[in-house]
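Numbering (the working numbering), first residue to last: 13 to 249.
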């Protein structure tokens with residue numbers, strides 16, 4: 013990955029930034045500045061703690077509903093790629109049946125249209141693996157509530173690009189140079205712009221645009237819009 017030396021208008025030589033080249037252009041993002049990273053981290057901790065307090069009794073109710081419907085663990089833990097493409101364990105409430113892997117393999121083998129959908133988006137709109145409680149969790153986005161723990165641990169940010177799996181790396185191409193420089197987010201620009209109704213390419217473009225044009229005002233705007241999107245349930249499945 014090539015880099016270019018940038019001198020911020022208000023900076024001294026000590027704060028000169030090294031930023032990557034993206035699609036042949038120099039990327040100037042205030043998110044790459046150490047001071048802004050610190051403030052963003054403090055913002056993440058404050059918001060996550062504020063949400064975690066009322067989330068505790070809600071999480072207990074969700075856990076009980078999952079246990080009563082199907083056998084298996086309450087949480088689903090999946091390996092995703094974070095900053096510097098380092099793997100981390102992402103936590104969710106389990107929304108699928110315990111034998112989800114076998115169900116997926118069988119469906120993809122028997123239905124070419126589902127296999128094509130999976131290859132394109134890594135999701136299925138009408139996923140046969142999802143339980144009744146799981147469908148409600150996904151529509152309300154409450155399955156992602158445990159990711160507040162990821163935020164508090166520092167493996168995720170409240171707002172950022174979508175956390176991806178290793179199999180998705182080739183699809184990002186040169187955009188990976190930007191993605192790997194920041195923490196993935198519990199929510200982000202693509203989530204408030206259509207979520208899974210968007211094409212895969214559009215999701216990547218929105219993630220890179222977020223990084224390139226990051227401001228605290230943008231984070232606050234996305235956070236507020238996330239509440240509206242979650243309540244409407246658009247693009248959630």
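Glycine included, each C-beta is placed from N, C-alpha and C at the ideal position. Computed from a prediction, not measured in an experiment: that's the story for all the values here.
- Where residue 226 is concerned, there is no enclosing alpha helix (DSSP H), because DSSP gives it neither an H nor an E.
- Distance from the CA atom of residue 121 to the CA atom of residue 58, rounded to whole angstroms, is 46 Å.
- As summarised for the region 31-108, the continuous beta strand (DSSP E) elements at least 3 residues long and confined to that stretch are 87-93, 99-105, given in chain order.
- If you ignore the 5 residues before and after residue 132, its C-beta comes within less than 7 Å of the C-beta of 212, all in its own chain and listed in chain order.
- Within its own chain, the residues whose Cβ lies closer than 7 Å to the Cβ of residue 115, once the five positions on either side in sequence are excluded, are 109, 140, 141, listed in chain order.
- With a 10 Å radius around the Cβ and a threshold of 16 neighbouring Cβ atoms, residue 83 comes out exposed.
- Sorting 55, 204, 169, 155 by C-alpha distance to the C-alpha of residue 191 places 169 at the top.
- In the displayed model, residue 133 falls within a helix according to three-state DSSP.
- Between the alpha carbons of residue 193 and residue 205 lies a distance of about 22 Å.
- For residue 176, there is no enclosing beta strand (DSSP E), as DSSP marks it with neither H nor E.
- Look at residue 143 here: in three-state DSSP terms it is coil, with no helix or strand label.
- Distance from the CA atom of residue 152 to the CA atom of residue 242, rounded to whole angstroms, is 6 Å.
- Residue state for residue 113 is assigned as helix, using DSSP reduced to three classes.
- Per DSSP, residue 201 is not a residue of any beta strand (DSSP E), being assigned neither H nor E.
- In the three-state DSSP reduction, residue 186 falls in the helix class (H, G or I).
- Looking at the backbone, the Cα of residue 180 and that of residue 127 are separated by about 16 Å.
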